[in-house]
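K.L.:
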Amino acid sequence: VTAAREAQRPSESGRYELRVSCDDEHCVRSGITDIARMSCDVSFGDGHSLDIGPWVGEVARLQGVVFERICESSIDGTAYCILRVVGVTRRELQFARDTGVDSLIIKLKACGVYPNTLIERESTV
Numbered sequence: 012v013t014a015a016r017e018a019q020r021p022s023e024s025g026r027y028e029l030r031v032s033c034d035d036e037h038c039v040r041s042g043i044t045d046i047a048r049m050s051c052d053v054s055f056g057d058g059h060s061l062d063i064g065p066w067v068g069e070v071a072r073l074q075g076v077v078f079e080r081i082c083e084s085s086i087d088g089t090a091y092c093i094l095r096v097v098g099v100t101r102r103e104l105q106f107a108r109d110t111g112v113d114s115l116i117i118k119l120k121a122c123g124v125y126p127n128t129l130i131e132r133e134s135t136v
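In structure tokens:
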């Protein structure tokens with residue numbers, strides 16, 4: 012989990028923390044660090060997707076991530092939320108962009124993949 016920082020660009024739900032569950036600690040640490048750095052320049056929010064292909068290379072099974080707001084709150088008048096980050100294959104990333112992240116999440120749940128990022132899994136679409 013990464014913490015909301017002042018330099019971060021808020022989402023439509025306010026400042027956010029990133030939450031990820033993954034079967035490869037090294038991959039999640041480097042990936043979440045890169046995403047957290049990007050959040051100083053780009054605002055991520057519920058239903059957004061991110062192509063991570065340039066970071067991981069063509070041979071990596073997971074080529075993107077999708078973001079899902081899992082809770083939100085307000086502290087001293089400032090909005091906060093937690094965004095779940097789920098790693099996805101190239102086909103799943105395209106599916107999410109064509110039909111919406113919510114549609115992909117339904118498929119991931121049906122296949123027993125959600126909410127975990129499993130590095131070596133097959134595509135669900």
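Residue numbers (our numbering): 12 to 136. Virtual Cβ for every residue (Gly too), placed ideally from N, Cα, C.
#1: Across which residues does DSSP place G75 in a beta bridge pair?
#2: Going by DSSP, name the residue or residues bridged to E28.
#3: Which term fits A107, buried or exposed, when burial requires 16 or more other beta carbons within 10 angstroms of its beta carbon?
#4: Please report how far the alpha carbon of L129 lies from the alpha carbon of V136, in whole angstroms.
#5: Per DSSP, what are the beta-bridge partners of I46 in this structure?
#6: For T128, which residues does DSSP report across the bridge?
P.N.:
Quick answer:
#1: D62 and V99
#2: I93
#3: buried
#4: 15 Å
#5: The partner list for I46 (beta bridge, DSSP) is empty, contrary to what the question assumes.
#6: C33
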